[in-house]
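A.B. asks:
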DNA sequence: AAGACAAGCCAAAGCGCTTTGAAGATCACA
DNA sequence: TGTGATCTTCAAAGCGCTTTGGCTTGTCTT
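Chains as they are written, first to last, in our numbering: chain Y, 1 to 359; chain C, 1001 to 1359.
Below is the structure:
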C-alpha cells in the first residue's frame, strides 16, 4: 500500500492525504479523520526512503562505531546506547551505526556527509587532540559531543560530566580523612576525561599543600586486568614505605581488579586501604553490593545518552541555536570503602588557621 | 555534487555515469576510468536515500533494540555488535537500530517492514515462546536468528552455539572428578539458551546414573549481584550437608559474584569448590586472569556477530537459498578452578562394567 | 452586489538515483 | 557496399513521497 493507492481509495489527491497524515492545517478535520482511519485500517506506513529523499531529512542519528581487532567497544557504550535508545524511541528516530576502524574514521564521516544518511552525529570518547570536531564541522554535519576535548575550540556543543570536580572532591575527602599517600589508577590519558580527572586530583592536593609529585598515578585501559596488575604493583611489589593508604579508581571494572588484589593480599577496606571509584551506573555491577560497599563518584552514563539524543534532535531541528556546553555535576557517595588513614600514616593535624585558609 | 552535475561536467548522460560507477559492463573502459577519476576528484558520493528509493534496497541491516527502564542491554550485546560491525564494514553496510520497549516490539517490526528502511534483521535473545520468527516471516523481512527457540519451526535460519553440549561436557568432567553435589547458577530460563544448558547438565547426570533431582538449579539474570546472592544461599545459608562441591555458572558476570562470595566465606577453588563458567570472551574480563584461573566453556560472541552479518548479507542477496541452521561447537577449557571433589564427598567408584556402559 | 479573504483541495514539479528501451557508432563479413 | 551483430551511449520513465503554486468554494466586508 502506497500513497497513490491510498489516495485513489479515498478519492482524494496525494497532496491532501499526505497533508492529513502529517498534520498540516490545510485539511478539514473531517477529511483528516477519514484519512487517518483508512491509513490505519490498511496498515499504510510511508516508505521511509521516499520520505527521506523528498524531505532531505533522514530521521536518524548516526554514530561512527570504532571497530577492529584491538578496539574494544566497552560496556559503557551499551549503557549509553540504552539511554539514547530510550529517548530516540519517543521521537521515532533510528540510530545508524557506521562501523569504521580508527584509521579510517574520517572516511566514514565523509561517507555519512555525502550520502546524507543521517541528520546528525554524536561523538564520544573525546581525545585530547580531537580531530573529529573540525572534520564534522567542515562537512556540515550537525553534531553533539559526549565529553569535550581539552580545549573546546569555537565553543562546540557538548554534554559532559564534571570529571575534574568529581575527582577533586573525592581526593579532598581522602585528604580530610588523613590520607597522604594517594594512588590514582586512571583511564587512558589520551582521552580528555582522564586528564580532567587527573587535574581534579592534583588541584585537591595542591589546595591542601601536598606536593603533587607524591601522587602515584597510573594510566591504563579501564579493565579488571589492569586494575589487578596495578594494584599488585602498588601493594605487593613496591617498597612497603611507599604503599598508598588510599586509591582512586577510574571505573568499576578497574576496581574489580583492585578489590581482587586487595583480597588476595589480605588487605581490608577501609582499615588498610580506602578506595573511591568512579561509577557510571551499570545495572549489572553495583558498588553498593560489594562485600565492602564502595564509595563512588557517580554519574549515570545512561542518563547522558538520553540527554544527548534529546539535544541532538534540537540541534538538528535548529531549536538549539547557540552551542550549549553542558557540564553535569557528579555526586560523591560515601559508603564503607573509605575511612580514616591508618594510624601510623596519619597526617599531622594542621594548625586551625591553615585549615581555615584551605577552605 | 550530484549525479546530474557530475554527468554534465563529464558531458555524459546520467545513465552512463551511473553505470560506470556501479560496474556495469556496457561502459567502455576508457569512459569508466574517466568517470571514476572525476567522481573521486570531486568527492562525489551517491545520495543514499535516492539510491535506496530507486533500488528498493536499504544497504543496512536492522535490529530492534530492547529498551525500557527494566531492560538492561547487557554487555554481551556490545561484544556481539563489535563483531557484526567488523564484518559490516567490509561490505559498506550500516546497522540500523530501532529502539522499542518489549511490549511494543511487534509494532517496531511492522514499522521496519512497511518503511523498508532495512534489508533484513537479525534477532537475538531468543525466548522459548518466540513470537518474532512468525512475525518477521509474515512481514516478509529476511532474517537470521542468533540462537534458536526451543522448537525451530519450519526450519528458519540461525546461528547458535551448542549450549547443550557445552554444559553436558562441563558436567561430565565434574562428575568424572567425583563431584556429586552440583549446583547450576543458570541464566533466565525464559531464554532458550538457558533451557538448552540445563538439558545438557541433566543429560550428563542421567548418563552417569545420578538422579536429576539432586541438581541444585537456580535461574536468574546473569549479573554479579545474583551470582553473589545465590552463592551465599548455597554455601552460607544452606544445610552444610547440602553444600555443593561444584558450581556451574552461566556467565562471567555471575561468576564474579560467586567468586566474591567464596572468598568471603573462605572457600578455596578448587579444593573446596570446583567452578566452571561459560565465557563469551569479553576482552575486559578474562577467566585466565582470575586469582584462580577459571575453567570455562568458551565461545566468542564477537565471532558470532561477524558470522551473522556475513550470512545475513547472503540471505538478503538470495545467495543462501535454504535456511541453514548452524550450531557451533563450544570448547571446554580446563584451568585451575576445577579439581577432584573433596575427599569426604567423593563418589564411590562405580564398577568397571557400569562405567563402560555409560560411555 | 462586488471585492477580499480564508478554507479546502488539487495537479504537477521536484528529491537524486536506477533502469528500460532505443538509437547511434563501430565492426566483421559477405 | 550493404547487412546484421556488437558496442556504447542516451532520453525518459519510474521509485514514493513532499511541497509549491494555483484553483474552487463559501463567507465576510462595505
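The C-beta atom is built at its ideal place from N, Cα and C for all residues, glycine as well. Remember, predicted model here, so these are calculated numbers, not experimental data.
Under the DSSP definition of a beta bridge, which residues are partnered with residue 326 of chain Y?
C.D. replies: Position 326 of the first chain, counting from 1, holds the residue named residue 326 of chain Y. Residue 326 of chain Y pairs with Y:159.
A.B. asks: Quick check on this structure: which residue in C:1246, C:1189 and C:1048 has the alpha carbon closest to the alpha carbon of residue 1128 of chain C?
C.D. replies: Here residue 1128 of chain C refers to the residue found at position 128 of the second chain. Out of C:1246, C:1189 and C:1048, C:1189 has the C-alpha closest to the C-alpha of residue 1128 of chain C.
A.B. asks: Leaving out five residues on either side along the sequence, give the residues of the same chain with a beta carbon under 7 Å from the beta carbon of residue 1108 of chain C.
C.D. replies: Taking the second chain and counting its residues from 1, one reaches residue 1108 of chain C at position 108. Taken in chain order, the residues that qualify are 1064, 1098 and 1100.
A.B. asks: With DSSP run on the structure shown, which of helix, strand or coil describes residue 287 of chain Y?
C.D. replies: On the first chain, residue 287 of chain Y is found 287 positions in, with the first residue counted as 1. Residue 287 of chain Y: helix per DSSP, three-state reduction.
A.B. asks: Where residue 154 of chain Y and residue 298 of chain Y are concerned, what is the direct C-alpha to C-alpha distance, given to the nearest angstrom?
C.D. replies: Taking the first residue of the first chain as position 1, residue 154 of chain Y is located at position 154. Taking the first residue of the first chain as position 1, residue 298 of chain Y is located at position 298. About 29 Å.
A.B. asks: Suppose you measure from the CA of residue 220 of chain Y to the CA of residue 1231 of chain C; what does that come to, to the nearest Å?
C.D. replies: Here the question's residue 220 of chain Y lines up with position 220 in the first chain. Here the question's residue 1231 of chain C lines up with position 231 in the second chain. If you take the alpha carbons of residue 220 of chain Y and residue 1231 of chain C, they lie about 32 Å apart.
A.B. asks: Just the chain C side, please: which residues come within less than 7 Å of residue 260 of chain Y by C-beta, in chain order?
C.D. replies: As a working note, residue 260 of chain Y is residue 260 in the first chain. The answer, in chain order, is 1291.
A.B. asks: Quick check on the DSSP output: what are the complete alpha helix (DSSP H) runs of length 4 or more inside the stretch 1116–1187 of chain C, in order along the chain?
C.D. replies: The qualifying runs are 1132–1139 and 1163–1176.
A.B. asks: For the 8 Å Cβ check, are there 3 or more pairs between the stretch 243–254 of chain Y and the stretch 168–188 of chain Y?
C.D. replies: These segments touch.
A.B. asks: Using a beta-carbon distance cut-off of less than 7 Å, what residues from the stretch 137–158 of chain Y approach chain C?
C.D. replies: Answer in chain order: no residues at all.
A.B. asks: May I ask which residues mark the beginning and end of the beta strand (DSSP E) holding residue 102 of chain Y?
C.D. replies: Your numbering for residue 102 of chain Y matches position 102 in the first chain. Taken as a continuous stretch (DSSP letters only), residue 102 of chain Y belongs to no beta strand (DSSP E), as it is neither H nor E.
A.B. asks: Suppose the cutoff is 8 Å on Cβ atoms and the five residues either side in sequence are ignored; what does the same chain contact list for residue 1238 of chain C look like?
C.D. replies: Indexing the second chain from 1 puts residue 1238 of chain C at position 238. No residues qualify anywhere along the chain.
A.B. asks: Which runs of the alpha helix (DSSP H), 4 residues or longer, sit entirely within the stretch 1051–1094 of chain C?
C.D. replies: Whole alpha helix (DSSP H) segments, 4+ residues: 1075–1090.
A.B. asks: May I ask which residues mark the beginning and end of the beta strand (DSSP E) holding residue 277 of chain Y?
C.D. replies: Within the first chain, residue 277 of chain Y is the residue found at index 277, counting from 1. Note, residue 277 of chain Y: beta strand (DSSP E), 274–279.
A.B. asks: Anything in chain Y within Cβ reach of residue 1360 of chain C, meaning under 8 Å, just list it in chain order.
C.D. replies: Because chain C here runs from 1001 to 1359, residue 1360 of chain C falls outside it and cannot be looked at.
A.B. asks: In chain order, what residues of the same chain have a beta carbon less than 7 Å from the beta carbon of residue 261 of chain Y, not counting five sequence neighbours either side?
C.D. replies: On the first chain, position 261 is the one that residue 261 of chain Y refers to. Counting only Cβ-Cβ distances below 7 Å, and skipping sequence neighbours, we find 228, 231, 232 and 235.
A.B. asks: Distance, Cα to Cα, residue 285 of chain Y vs residue 1252 of chain C?
C.D. replies: As a first step, residue 285 of chain Y must be located in the first chain, where it is residue number 285. As a first step, residue 1252 of chain C must be located in the second chain, where it is residue number 252. Approximately 12 Å between the Cα atoms of the pair.
A.B. asks: Check the Cβ-Cβ distances between residue 365 of chain Y and every residue of chain C, and say whether any is below 7 Å.
C.D. replies: Residue 365 of chain Y is absent from the structure shown; chain Y starts at 1 and stops at 359.
A.B. asks: Are the CB atoms of residue 204 of chain Y and residue 181 of chain Y within a distance shorter than 7 Å?
C.D. replies: Indexing the first chain from 1 puts residue 181 of chain Y at position 181. Indexing the first chain from 1 puts residue 204 of chain Y at position 204. Contact: no.
A.B. asks: Establish whether the CB of residue 264 of chain Y and some CB of chain C are separated by less than 7 Å.
C.D. replies: Position 264 of the first chain holds residue 264 of chain Y. Yes, because at least one Cβ of chain C sits closer than 7 Å to the Cβ of residue 264 of chain Y.
A.B. asks: By the criterion of Cβ-Cβ separation under 8 Å, what are the contact partners of residue 1360 of chain C in chain Y?
C.D. replies: With chain C covering 1001 to 1359 only, the question about residue 1360 of chain C has no answer from this structure.
A.B. asks: Indicate the three-state DSSP secondary structure (helix, strand or coil) for residue 247 of chain Y in the structure shown.
C.D. replies: Reading the first chain from its first residue, position 247 is the one you call residue 247 of chain Y. Strand, per DSSP.
A.B. asks: Whose C-alpha, out of Y:11, Y:89, Y:5 and Y:130, is nearest the C-alpha of residue 43 of chain Y?
C.D. replies: Along the first chain, read from residue 1 onward, the residue named residue 43 of chain Y stands at position 43. For residue 43 of chain Y, the nearest C-alpha among the options comes from Y:5.
A.B. asks: Suppose the cutoff is 6 Å on Cβ atoms and the five residues either side in sequence are ignored; what does the same chain contact list for residue 161 of chain Y look like?
C.D. replies: Along the first chain, read from residue 1 onward, the residue named residue 161 of chain Y stands at position 161. Once the five neighbours on either side are set aside, the close Cβ partners of residue 161 of chain Y are 299, 328 and 330.
A.B. asks: Measure the alpha-carbon distance for residue 198 of chain Y versus residue 277 of chain Y and round it to whole angstroms.
C.D. replies: Position 198 of the first chain holds residue 198 of chain Y. Position 277 of the first chain holds residue 277 of chain Y. The straight-line gap from Cα to Cα measures roughly 13 Å.
A.B. asks: Return no unless some Cβ of chain Y is closer than 7 Å to the Cβ of residue 1223 of chain C.
C.D. replies: Mapped onto the second chain, residue 1223 of chain C falls at position 223. At least one chain Y Cβ lies under 7 Å of residue 1223 of chain C.
A.B. asks: Roughly how many angstroms lie between the CA atoms of residue 1021 of chain C and residue 138 of chain Y, to the nearest whole one?
C.D. replies: Position 21 of the second chain holds residue 1021 of chain C. Position 138 of the first chain holds residue 138 of chain Y. Residue 1021 of chain C and residue 138 of chain Y: Cα-Cα distance of roughly 26 Å.
A.B. asks: When you compare the CB of residue 294 of chain Y with every CB in chain C, is at least one pair closer than 7 Å?
C.D. replies: Position 294 of the first chain, counted from the first residue, corresponds to residue 294 of chain Y. Residue 294 of chain Y does not count as touching chain C.
A.B. asks: Can you give the Cα-Cα distance for residue 1002 of chain C and residue 1045 of chain C, rounded to whole angstroms?
C.D. replies: Looking up residue 1002 of chain C in the second chain gives position 2. Looking up residue 1045 of chain C in the second chain gives position 45. Approximately 8 Å, taken between the alpha carbons.
A.B. asks: Let me know if residue 311 of chain Y comes out buried or exposed under the rule of 16 or more other beta-carbons within 10 Å of its beta-carbon.
C.D. replies: Here residue 311 of chain Y refers to the residue found at position 311 of the first chain. Label assigned to residue 311 of chain Y: buried.
A.B. asks: If the criterion is Cβ atoms closer than 7 Å, does the pair residue 144 of chain Y and residue 315 of chain Y meet it?
C.D. replies: Locating residue 144 of chain Y in the first chain gives position 144, where the first residue counts as 1. Locating residue 315 of chain Y in the first chain gives position 315, where the first residue counts as 1. Against a cut-off of 7 Å, the Cβ pair of residue 315 of chain Y and residue 144 of chain Y comes out as a contact.
A.B. asks: Buried or exposed: which applies to residue 1079 of chain C, given that a residue is buried once 16 or more other Cβ atoms fall within 10 Å of its Cβ?
C.D. replies: Within the second chain, the letter at position 79 stands for residue 1079 of chain C. Residue 1079 of chain C comes out buried.
A.B. asks: Tell me, which residues are paired with residue 1296 of chain C by DSSP?
C.D. replies: On the second chain, residue 1296 of chain C is found 296 positions in, with the first residue counted as 1. According to DSSP, which records beta bridges pairwise, residue 1296 of chain C is partnered with C:1277 and C:1333.
A.B. asks: Let me know the secondary structure DSSP gives residue 1042 of chain C once reduced to three states.
C.D. replies: Start at 1 with the first residue of the second chain, and residue 1042 of chain C comes out as number 42. The answer is coil: DSSP assigns residue 1042 of chain C none of H, G, I, E or B.
A.B. asks: In the DSSP assignment, find the unbroken beta strand (DSSP E) run with residue 219 of chain Y in it and report its ends.
C.D. replies: Numbered from 1 along the first chain, position 219 holds the residue referred to as residue 219 of chain Y. Counting along the chain, the beta strand (DSSP E) containing residue 219 of chain Y begins and ends at 216–219.
A.B. asks: Confirm, please, whether the CB-CB distance from residue 62 of chain Y to residue 121 of chain Y is below 7 Å.
C.D. replies: Locating residue 121 of chain Y in the first chain gives position 121, counting from the first residue. Locating residue 62 of chain Y in the first chain gives position 62, counting from the first residue. A contact, by the Cβ cut-off of 7 Å.
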